[in-house]
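S.K.: The sequence shown begins at 1 in the UniProt record's numbering and counts up by one.
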Amino acid sequence: MSGIYTVGQVNTYIKNLFLQDFLLKRISVRGEISNCRYHPSGHIYFSLKDETGALSCIMFAGARRGLAFRMKDGDKVVVEGTVDVYERDGRYQLYAKRITLEGAGLLYERFLALKAELEEMGMFAPEYKQPVPAYVKRLGIVTAPTGAAIRDIQNIALRRNPYIQLILYPALVQGEGAAASIVRGIRTLDRLGLDAIIVGRGGGSIEDLWAFNEEAVARAIFECRTPVISAVGHETDTTIADYVADLRAPTPSAAAELAVADIRGILDRISAARRRLRTGMERILDERRERLARCRTRWMYLSPENQIREKRRRLAEADRKLRELFQARLEAARHRLALAAEKMKGLSPLTKLEQGCAYVEDAEARPVSSIRETAPGALLKIQLRDGCIWSVVQKIEETERGWENGRTAEAGEKPGGGL
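1) Where does the unbroken beta strand (DSSP E) through M59 begin, and where does it stop?
2) Report the rounded CA-to-CA distance for G416 versus L330, giving the unit in angstroms.
3) Return the chain-ordered list of same chain residues with a C-beta closer than 8 Å to the C-beta of T82, the five sequence neighbours on each side being excluded.
4) In three-state DSSP terms, what is L192?
5) Find the nearest neighbour of F60 within the set V392, R37, I14 and L112, judged by alpha-carbon distance.
6) Note the first and the last residue of the continuous alpha helix (DSSP H) segment covering R275.
7) Mind checking which residues open and close the beta strand (DSSP E) that includes Q165?
8) Just to confirm the assignment: which complete beta strand (DSSP E) runs, minimum length 3, are found wholly within the UniProt domain "OB-fold nucleic acid binding" (5–99)?
9) Spatial neighbours of R248 within its chain, please: CB distance less than 7 Å, with the 5 preceding and 5 following residues excluded, ordered by chain position.
10) With DSSP as the reference, label L209 as helix, strand or coil.
11) First and last residue of the alpha helix (DSSP H) that includes Q154?
12) Over the uninterrupted alpha helix (DSSP H) stretch that includes Y128, give me the two end residues.
13) Helix, strand or coil for Q307 per DSSP?
14) Using alpha carbons as the reference points, say which of I33, V173, A171 and A196 lies closest to A134.
15) Which stretch, first to last residue, makes up the alpha helix (DSSP H) that contains E223?
16) Where does T239 sit, in a helix, a strand or coil, going by DSSP?
17) Could you have a look at P250 and say whether DSSP puts it in helix, strand or coil?
18) Cutting at 8 Å between CB atoms, please list the residues of its own chain near E108, excluding the five before and the five after it.
19) Below 8 Å on the Cβ atoms is my contact criterion, and I expect S56 with R91 to pass it. Report the Cβ-Cβ distance as a whole number of Å.
20) Looking at V228 and S255, is the spacing between their C-beta atoms short of 8 Å?
21) In three-state DSSP terms, what is G3?
22) Using three-state DSSP, classify E354 as helix, strand or coil.
23) Between the alpha carbons of H159 and R296, how many angstroms are there, rounded?
24) Going straight from the alpha carbon of V284 to that of L277, what length do you get?
25) Please say whether N213 and T236 have beta carbons closer to each other than 8 Å?
26) Would L209 pass as a contact of V132 if the rule is Cβ separation under 8 Å?
27) Taking the straight line between their C-alpha atoms, what separation do you get for Q165 and K137?
28) From the DSSP output, read off the bridge partner residues of L380.
29) Helix, strand or coil for R385? Go by DSSP, reduced to three states.
30) Would you report the Cα separation of G62 and F124, rounded to the nearest angstrom?
31) Is it buried or exposed for R309, if we count other Cβ within 10 angstroms and need 16 for buried?
32) Considering only the beta carbon of each residue, do V392 and L379 sit closer than 8 Å?
33) With distances taken from CA atoms, which of H39, D75 and D262 is nearest L48?
34) Thinking I389 and I396 are a contact (beta carbons under 8 Å), I'd like their distance in whole angstroms, please.
35) Relative to the C-alpha of E189, which candidate in R225, N161 and A340 has its C-alpha closest?
36) Strictly by DSSP, which residues pair up with I229?
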């Protein structure tokens, strides 16, 4: 059968038709986001719809770098891209290259441009950030006098520290003249010499918060000598004022908590510090008392009176030991003397005389201990126990013992008196 084509051939033919249409190569489509899905691969699948129909769309991960916001269902956007055919499924879709929020998109582009300019000028640099005092006594507030922001700040600040002084500058925070009113409020409060200033308002759309994206407000915050805390919108809202301020709070309530110290916490810390101080002082005093007691004991031991008493005791002990030693040595000497006396008593001539022995001398008073020392006719003096006898030698007889005595004398012993 002639004129029959495959599905692929038809899809390819249609794709070529789309490629030849220059309008579809670069087209902008306005619509509302629906069925938005962020795929783990980084691609974004969604549909654009209006009251007349819907269009399937896809933004590849490589094109997401130009997406300045997170899309969600219901956003009004303008999508720029190319309409092409996906041959496998035989359906066409819009391949998005750039997506902007309709209306708010222009403001957001202005926001990004100003942010880049101020960042390049160094107004966001951390070295220019001033620290917020830990204990704020006077707090300035630039916000609307009738909004929820001032009520939240008042409630939290007074609850945390009822002694704090709050100074409100009622400013316009939305609409025509809001930026100039905020600038006047910052500069007025800066001249009062406050501890910190909160600049902010409640949440809203990007149009409602735009006053805080103005360059004049950013410069006023940057030039302020008082630390500035920005508290604009909700936690997800970010403005130029947040980048320039010395500290950013996600909400006005959080700004009050950051600026105002909790006096109950301070009092608790003071009480804890007082307890630690008391415990530390008691420990130190106990240590000093123990040291004083040791010093007193040592002083009592080393005092002159105690030293004299100790020396006297030691002297008395030494005297006692000396007396005992002297007495012991004296007794030993007496004992040796008695032994010597007994020994000498046995060797005494008088004892010998008492035993019947005699002491003989010649006429010259020389002792005679051998028959060889005298001769017949010699005069001898014989000393007895009770007197002396003078006699003349008539005869000399030699005995064997006498010879032995004579030989002993001749051997060199010192001759003594004969007994």
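For each residue, glycine too, the CB sits at the ideal point set by N, CA and C.
These figures come from a predicted structure and were not determined experimentally.
M.R.: In short:
1) In the DSSP annotation of this structure, the continuous segment of the beta strand (DSSP E) that includes M59 starts and ends at A54 to M59.
2) The pLDDT assigned to G416 is 42, lower than 50, so where the model puts this residue is not dependable; a value taken from the coordinates is nonetheless given after this. Their backbone Cα atoms lie some 35 Å apart in a straight line.
3) L24, K25, R26, I27, L94, Y95 and K97
4) coil
5) R37
6) Annotation for R275: the continuous alpha helix (DSSP H) segment containing it runs I263 to L302.
7) Q165 to P170
8) 27–38, 44–49, 54–59 and 76–86
9) S230 and D242
10) L209 carries a coil assignment under DSSP once its states are collapsed to helix, strand and coil.
11) A148 to R160
12) That residue, Y128, is in no alpha helix (DSSP H); it is neither H nor E in DSSP.
13) Q307: helix per DSSP, three-state reduction.
14) A196
15) Here the alpha helix (DSSP H) through E223 covers E215 to E223.
16) coil
17) coil
18) Strictly speaking, residue 108 in this sequence is Tyr, with Glu absent from that position. For Y108, where only same-chain residues beyond five positions count, the Cβ hits under 8 Å are A68, F69, T100, L101 and I206.
19) 7 Å
20) The question names Ser, yet the displayed sequence has Ala at residue 255. Taking 8 Å as the Cβ cut-off, A255 and V228 do not qualify as a contacting pair.
21) coil
22) helix
23) Checking the sequence, you will find Arg at residue 159 rather than His. R159 and R296 have their C-alpha atoms spaced approximately 56 Å apart.
24) Sequence check: residue 284 is Ile here, not Val. Rounded to the nearest angstrom, the two C-alpha atoms are 10 Å apart.
25) no
26) no
27) 6 Å
28) D362 and S391
29) coil
30) 29 Å
31) Around the CB of R309, fewer than 16 other CB atoms lie within 10 Å, so the residue is classed as exposed.
32) For the 8 Å CB-CB criterion, V392 and L379 form a contact.
33) Nearest of H39, D75 and D262 to L48, Cα basis: D75.
34) The distance from the Cβ of I389 to that of I396 is about 18 Å, inconsistent with a contact at the 8 Å cut-off.
35) According to the sequence shown, residue 189 is Leu rather than Glu. If we check each option's Cα against that of L189, R225 comes out closest.
36) I198 and L247
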